[in-house]
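Trainee: Using the numbering used here, you'd call the opening residue of the sequence shown number 959 and step up by one each time. Each residue gets a CB set at the ideal place from its N, CA and C atoms; glycine is no exception. If you're wondering where the values come from, they're calculated on a predicted model, not measured in any experiment. Structure incoming, see below.
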Amino acid sequence: MATTAIRMRKDRTRRPTRIRESRSDQFFMIVTYVVLTLFLLAVLYPLIFIVSASVSDPLAVSSGQVWLWPVDLNFNGYEEILKHKPIVRGFANSLFYVVVGTLVNVTLTLLAAYPLSRRDLVGRNWFMMLFVFTMMFSGGLIPTYLVVHDLGLLNTRWALILPTAMAVWNVIITRTYYQVTIPHELLEAARIDGCDDIGFFWRIVIPLSKPIIAVNALFYAVGHWNQFFNALIYLTNEALFPLQLVLREILIQSNIDPTMADAAELARRRELRDLLKYCLIVVASIPPLLAYPFVQKHFVRGIMIGSLKG
């Protein structure tokens, strides 16, 4: 009994004492939670509404009966999307632009950022100044269009990849990441072991670059997936249109094929068009949402280290 009492007394003494919050602190926490809850609702409600509208009856969507939960649950909108060839083709084109464009972007960013992070690179400050100069000054829309035209890139897939092949801001973040995480002594040790610059970059720098590669890949991939302006000015061949440009035509120009399967039997053309708007928004949002969890663990670390002043 005495031993048990002693143990209980020790457990009480080991428990951390909780600091009592003042009324002002409690009031501040309540206000903080209320404000954050309002922000959460402001972001969450449109998402729930769009998903609910995409799986509701077209007549209920056009008449405004859907405000939170689905009405007369059906998936006719998604069935029509799968039957509409321009939408399926646009989805495939967007996947191509994302995969190939991101690969080109990340490769060029790493090849530019790593040399700029080396202290032994002759004239690296001048090169860095030239990079930053392009962030502040550019030729504008018409000169850029003329360059793309003269290079023969109009109405080609490369028109959406090469003009945006590298973002200077991402190069700066990646260069700072290398300066913080890869010390010069590591390069000297590799040279003692007989490793040249290319071998050091491929065997040591790339394996240590997973966080910043994830950051760049996410930034570039989302940019390629959401781009429509470059496609609007560089492409006239509908077979090359990305999904966002097809979505733009449906949302703004209401350009829907009236012969889409069973549309006339289910609802009027306008009702189907309103339903497809929400279905396309959901479909266009799925790939970034699926990709983010795979890079999230590297994203926070890479963006925090790369954002430090170098």
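1. Just the Cα atoms here: how many angstroms apart are Val1047 and Ala1197?
2. If distances are taken between C-alpha atoms only, which option among Thr1065, Ile1239, Tyr1136, Tyr1178 comes closest to Pro1004?
3. Alpha carbon to alpha carbon, what distance is there between His1042 and Glu1207?
4. Report the option in Asn1188, Pro1251, Leu1248, Ser1020 whose CA atom is closest to the CA atom of Val1106.
5. To the nearest whole angstrom, what separates the beta carbons of Gln1137 and Ser1075, a pair I think is in contact under 8 Å?
6. Is it right to say Thr1092 is buried, meaning 16 or more other beta carbons lie within 10 angstroms of its own, or is it exposed?
7. Skipping 5 residues on each side, what residues in its chain have a beta carbon closer than 7 Å to that of Gly1157?
8. CA-CA distance, Tyr1250 and Val1173?
9. Let me know the secondary structure DSSP gives Met1124 once reduced to three states.
10. Cutting at 7 Å between CB atoms, please list the residues of its own chain near Leu1190, excluding the five before and the five after it.
11. Asn1034 to Lys1235, Cα distance in whole Å?
12. How many angstroms separate the CA atom of Thr995 from the CA atom of Val1029?
13. Taking all protein chains shown into account, do 16 or more other C-beta atoms lie within 10 angstroms of the C-beta of Tyr1178, making it buried, or fewer, making it exposed?
14. When the distance is taken between beta carbons, is Thr1132 closer than 8 Å to Thr1067?
15. Since Ile1269 and Ala1148 are thought to touch, with beta carbons under 8 Å apart, how far apart are those beta carbons, to the nearest angstrom?
Mentor: In brief:
1. On the sequence shown, position 89 is the one that residue 1047 refers to. On the sequence shown, position 239 is the one that residue 1197 refers to. Going by the sequence as given, residue 1047 is Arg instead of Val. Going from the Cα of Arg1047 to the Cα of Ala1197 covers about 7 Å.
2. By one-based count along the sequence shown, residue 1004 stands at place 46. The candidate whose alpha carbon is nearest that of Pro1004 is Ile1239.
3. In the sequence shown, counting from the first residue as 1, residue 1207 sits at position 249. In the sequence shown, counting from the first residue as 1, residue 1042 sits at position 84. Spanning the two alpha carbons is a distance of roughly 14 Å.
4. Taking the sequence shown and counting its residues from 1, one reaches residue 1106 at position 148. For the residues Asn1188, Pro1251, Leu1248, Ser1020, the minimum Cα distance to Val1106 belongs to Asn1188.
5. Residue 1137 sits at position 179 when you count from the first residue of the sequence shown. Residue 1075 sits at position 117 when you count from the first residue of the sequence shown. Contact holds; Cβ gap of about 5 Å.
6. Taking the first residue of the sequence shown as 1, we reach residue 1092 at position 134. By the Cβ neighbour-count rule, Thr1092 is exposed, with fewer than 16 other Cβ atoms within 10 Å of its own.
7. Taking the first residue of the sequence shown as position 1, residue 1157 is located at position 199. Around Gly1157: no qualifying Cβ.
8. Working through the sequence shown from its first residue, we reach residue 1250 at position 292. Working through the sequence shown from its first residue, we reach residue 1173 at position 215. Looking at the backbone, the Cα of Tyr1250 and that of Val1173 are separated by about 10 Å.
9. Residue mapping note: residue 1124 aligns to position 166 of the sequence shown, counting from 1. Three-state result, Met1124: coil.
10. What you label residue 1190 is simply residue 232 of the sequence shown in a count that begins at 1. For Leu1190, where only same-chain residues beyond five positions count, the Cβ hits under 7 Å are Leu1203.
11. The sequence position of residue 1034 within the sequence shown is 76, counting from 1. The sequence position of residue 1235 within the sequence shown is 277, counting from 1. Each residue's CA atom was taken as its position, placing Asn1034 and Lys1235 some 13 Å apart.
12. Along the sequence shown, read from residue 1 onward, the residue named residue 995 stands at position 37. Along the sequence shown, read from residue 1 onward, the residue named residue 1029 stands at position 71. Roughly 26 Å between the two C-alpha positions.
13. Sequence index remark: in the sequence shown, residue 1178 carries index 220 (1-based). So Tyr1178 ends up on the buried side.
14. The residue you call residue 1067 lines up with position 109 of the sequence shown. The residue you call residue 1132 lines up with position 174 of the sequence shown. Cβ atoms of Thr1067 and Thr1132: closer than 8 Å.
15. The structure shown does not extend to residue 1269, since the chain is modelled only from 959 to 1268, so the question has no answer here.
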